[in-house]
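Read the structure below first, then the notes.
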Ligand code: IPE
Ligand code: IPE
Ligand code: MG
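Spelled out as structure tokens, the structure:
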């Protein structure tokens with residue numbers, strides 16, 4: 031068995047997280063440190079997306095959410111934004127067969143109406159085509175911001191109240207969870223951020239209330255199946271207490 035298969039099989043012997051979110055950071059610095067254009071970093075990063083998605087499938091994750099473009103990233107230089115959109119379109123075209131052959135359901139969250147038509151169209155087409163696939167749910171967070179998502183959800187709930195369909199007192203954690211874009215996904219067990227940064231940058235604010243965090247110093251273009259499996263092994267050493275004491279958990283576990 032090769033080294034990666036060995037690491038993945040170690041992960042599978044313990045509790046595999048159902049839902050992992052990844053803040054794929056460091057593409058620009060990866061390229062700049064090699065004297066390349068930042069877009070070359072984003073391009074190499076799409077190879078990491080493919081490798082990590084394959085590894086997630088092999089280890090049996092239910093959901094993988096990738097932060098690919100934030101609401102705030104629209105303010106980057108126009109050439110970089112345009113290059114990222116081109117890469118996205120390329121990804122959606124090139125990965126179609128892999129997604130369909132492996133039973134992956136492609137999902138997207140974010141202010142998708144802001145995406146250019148040449149991205150929105152292939153994205154909608156692949157989401158529709160893969161909608162009945164039963165394997166891994168691969169969610170791309172595109173033009174995504176956690177605050178933007180909460181504002182959107184709060185507006186939807188307020189509209190229901192205004193129409194008399196909902197009482198303010200009936201707004202619960204559950205109804206907020208249903209009002210955000212991740213409503214059909216399991217809770218986020220683990221967030222991984224690459225490239226050494228240790229912040230959330232507006233990623234899944236509501237959904238990460240009890241997530242574990244693993245920060246890797248590796249830039250996203252160098253973060254592959256090995257690094258992913260290692261991050262999951264690290265996650266598996268954590269004790270998730272959800273406010274209880276360690277003793278309470280051990281009692282419940284026996
Ligand atoms: C992450 O890499 C990808 C996007 C935000 C689109 P960055 O482009 O942020 O890379 P750094 O952080 O500048 O190195
Ligand atoms: C977060 O990375 C967004 C994505 C990975 C898509 P950024 O590089 O944009 O975040 P900041 O600006 O360092 O917080
Ligand atoms: Mg960055």
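Residue numbers (our numbering): 31 to 284. Virtual Cβ for every residue (Gly too), placed ideally from N, Cα, C.
Between the Cα of residue i and those of the options, spot the shortest distance and give me the residue it belongs to.
| i | options | result |
| --- | --- | --- |
| residue 34 | 281, 253 and 272 | 253 |
| residue 166 | 245, 82 and 184 | 82 |
| residue 42 | 91, 65, 74 and 68 | 91 |
| residue 130 | 174, 259, 158 and 227 | 158 |
| residue 72 | 87, 112, 49 and 191 | 112 |
| residue 202 | 183, 216 and 219 | 183 |
| residue 221 | 40, 44 and 51 | 51 |
| residue 122 | 98, 107, 102 and 109 | 98 |
| residue 224 | 44, 214 and 260 | 260 |
| residue 151 | 65, 76 and 120 | 120 |
| residue 269 | 219, 227 and 70 | 219 |
| residue 134 | 282, 76, 228 and 160 | 160 |
| residue 227 | 132, 45 and 59 | 59 |
Output yes or no for whether 9 Å exceeds the beta carbon distance between residue i and residue j.
| i | j | result |
| --- | --- | --- |
| residue 233 | residue 186 | no |
| residue 153 | residue 118 | yes |
| residue 78 | residue 115 | no |
| residue 100 | residue 145 | no |
| residue 74 | residue 86 | no |
| residue 126 | residue 156 | yes |
| residue 249 | residue 57 | yes |
| residue 36 | residue 88 | no |
| residue 80 | residue 110 | no |
| residue 231 | residue 102 | yes |
| residue 217 | residue 48 | yes |
By a C-beta neighbour count over all protein chains shown, 10 Å radius and 16 as the cutoff for buried, is residue i buried or exposed?
| i | result |
| --- | --- |
| residue 104 | exposed |
| residue 162 | exposed |
| residue 276 | exposed |
| residue 237 | buried |
| residue 136 | buried |
| residue 96 | buried |
| residue 63 | exposed |
| residue 272 | exposed |
| residue 195 | exposed |
| residue 68 | buried |
| residue 175 | buried |
| residue 251 | buried |
| residue 215 | buried |
Could you check whether the Cβ of residue i sits closer than 8 Å to any heavy atom belonging to ligand 5?
| i | result |
| --- | --- |
| residue 112 | Among the ligands in the structure shown, ligand 5 does not appear; only ligand 1, ligand 2 and ligand 3 can be found there. |
(message) So if I measure from each beta-carbon to every heavy atom of ligand 3 and keep distances below 7 Å, which residues remain?
(response) After applying the 7 Å Cβ criterion, the set is 55, 56, 58, 225 and 227.
(request) Count the C-beta pairs between the segment 173–184 and the segment 136–145 that are closer than 8 Å, then say yes if the count reaches three, no if not. (result) yes
(message) Can you confirm whether the segment 254–270 touches the segment 200–210 when touching is taken to mean that 3 or more C-beta pairs between the two stretches lie within less than 8 Å?
(response) no
(message) If contact is defined by three or more beta carbon pairs under 8 Å, each pair taking one atom from either stretch, is the segment 230–250 in contact with the segment 186–196?
(response) no
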